[in-house]
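Read left to right, the sequence shown gives residues 14 to 292 (the numbering used here). Heads up, the beta-carbon is just placed ideally off N, CA and C, and yes, glycines get one too. Just so you know, these numbers come straight off a predicted model, no measurement behind them.
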Amino acid sequence: MENKLEKGALYVVGTPIGNLLDFSPRAAETLAAVDFIAAEDTRVTVKLLNHFGIKKPLVSYYEHNKQEKGSVITDRLAEGETCALVSDAGMPAISDPGEDLVALCAARGIPVYVVPGPSAVVSALAVSGLPTGRFTFEGFLSVNKKSRREHLESLRAETRTMVFYEAPHKLPYTLQDMEAVFGDRRIALVREITKIHEQCIRTTLSAAAAHYASTPPKGEFVLVIEGAKPAEKREMTLEDAVALARAAMENGSAASDAAKEAAKLSGFKKGEIYKRLME
14 MENKLEKGAL YVVGTPIGNL LDFSPRAAET LAAVDFIAAE DTRVTVKLLN HFGIKKPLVS
74 YYEHNKQEKG SVITDRLAEG ETCALVSDAG MPAISDPGED LVALCAARGI PVYVVPGPSA
134 VVSALAVSGL PTGRFTFEGF LSVNKKSRRE HLESLRAETR TMVFYEAPHK LPYTLQDMEA
194 VFGDRRIALV REITKIHEQC IRTTLSAAAA HYASTPPKGE FVLVIEGAKP AEKREMTLED
254 AVALARAAME NGSAASDAAK EAAKLSGFKK GEIYKRLME
């Protein structure tokens with residue numbers, strides 16, 4: 014079947030997350046057929062193009078230039094050119110600045126098509142051994158300890174399986190915070206997906222936190238964590254809300270800000286929480 018492209022359209026093209034053999038024939042044909050390619054890192058994309066013998070003009074499109082380049086790219090599309098959007102690895106627009114380019118195209122009425130490819134999220138979930146019927150993808154946690162804890166606290170009662178991305182240098186701290194918030198749940202740490210050292214470690218949060226506290230992690234990780242048991246999903250008490258606020262204060266929040274955040278998570282009034290904090 015001939016791969017005919019629509020003029021003036023954006024093609025979101027999935028690329029390999031480690032193994033070049035995962036690049037689909039349709040994806041290669043699409044990159045060869047478009048007028049230009051918007052790439053997160055042109056140096057990475059050039060290697061992919063060279064491997065498949067494809068030569069196309071590249072436009073750099075990443076987090077820090079997306080506003081400027083987004084309008085440039087959509088202007089070219091509006092004039093009838095075709096563009097392929099790629100990330101360094103996996104599906105563009107998933108925890109990726111390509112999300113903004115797709116939204117900009119949608120706002121301007123520019124057609125957007127997808128050429129599916131590898132996804133670290135779904136791949137890790139598939140081999141995790143944890144429930145896959147319902148899950149939530151949470152992306153990367155903040156490097157800021159306070160923001161990271163607040164994100165995790167908001168998921169304390171989440172019953173669906175949770176999927177996170179994590180870099181090796183942050184992993185030990187993330188696991189410690191996860192154990193403190195979630196307790197000792199099952200976790201699958203899936204690293205280097207589709208690469209030579211691919212590994213799926215099925216263990217518990219306490220064991221993982223203890224292991225990586227003394228063993229430097231290597232490679233990029235996807236963390237798949239068991240959701241809360243239904244019995245754990247209970248209404249917060251005022252004492253729970255006050256404890257949340259105190260934890261936020263220990264991380265540097267003012268009492269008023271801590272009470273406001275705890276009120277948002279618990280449903281109690283800010284004034285009630287603040288009063289108990291001051292007692």
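Check                                                                                                                                                              : Outcome
Check for me: the beta strand (DSSP E) holding Phe195 runs from which residue to which?                                                                            : Where Phe195 is concerned, there is no enclosing beta strand (DSSP E), although the alpha helix (DSSP H) it sits in stretches over Leu184 to Phe195.
Here's the rule: buried if 16 or more other CB atoms are within 10 angstroms of the residue's CB, otherwise exposed. What is Glu19?                                : exposed
Nearest CA to the CA of Pro181: which residue from Ala170, Thr172 and Phe153?                                                                                      : Phe153
Hey, how far is the Cα of Tyr186 from the Cα of Ile123?                                                                                                            : 43 Å
Hey, quick one: how far does the alpha helix (DSSP H) through Arg215 stretch, first residue to last?                                                               : First-last for Arg215: Gln212 to Thr217, but that is the beta strand (DSSP E), not the alpha helix (DSSP H).
Can you tell me whether DSSP reads Ala201 as helix, strand or coil?                                                                                                : strand
Can you tell me which of Ala260, Leu202, Thr145 and Ala268 puts its alpha carbon nearest to the alpha carbon of Lys159?                                            : Ala260
Is it true that the CB of Thr217 sits closer than 7 Å to the CB of Asp197?                                                                                         : yes
CB Thr172 to CB Leu143, shorter than 7 Å?                                                                                                                          : no
Output needed for Leu278: all residues of its chain with C-beta closer than 7 Å, excluding positions within five of it in sequence on either side, in chain order. : Glu166, Ser167 and Leu257
Would the stretch 48-56 count as touching the stretch 91-104 if we require 3 or more Cβ pairs under 8 Å?                                                           : yes
If you scan the stretch 35-118 from start to end, which runs of the beta strand (DSSP E) of 3 or more residues do you find wholly inside it?                       : 49-52, 71-73 and 96-99
So what does DSSP say about Ile286, is it helix, strand or coil?                                                                                                   : helix
Under the rule that 16 or more other beta-carbon atoms within 10 Å means buried, what is Asp109, buried or exposed?                                                : buried
Just to confirm, are Val237 and Ala201 a CB contact at a threshold of 7 Å?                                                                                         : yes
Tell whether a beta-carbon distance below 7 Å holds between Ala222 and Glu263.                                                                                     : no
Among Val255, Glu76, Ala106 and Val235, whose alpha-carbon lies nearest the alpha-carbon of Leu188?                                                                : Val235
Less than 8 Å between C-beta atoms, sequence neighbours within five positions excluded: which residues of the same chain meet that for Lys68?                      : Leu62
Is it right to say Ile30 is buried, meaning 16 or more other beta carbons lie within 10 angstroms of its own, or is it exposed?                                    : buried
Mind checking which residues open and close the beta strand (DSSP E) that includes Met175?                                                                         : Thr174 to Glu179
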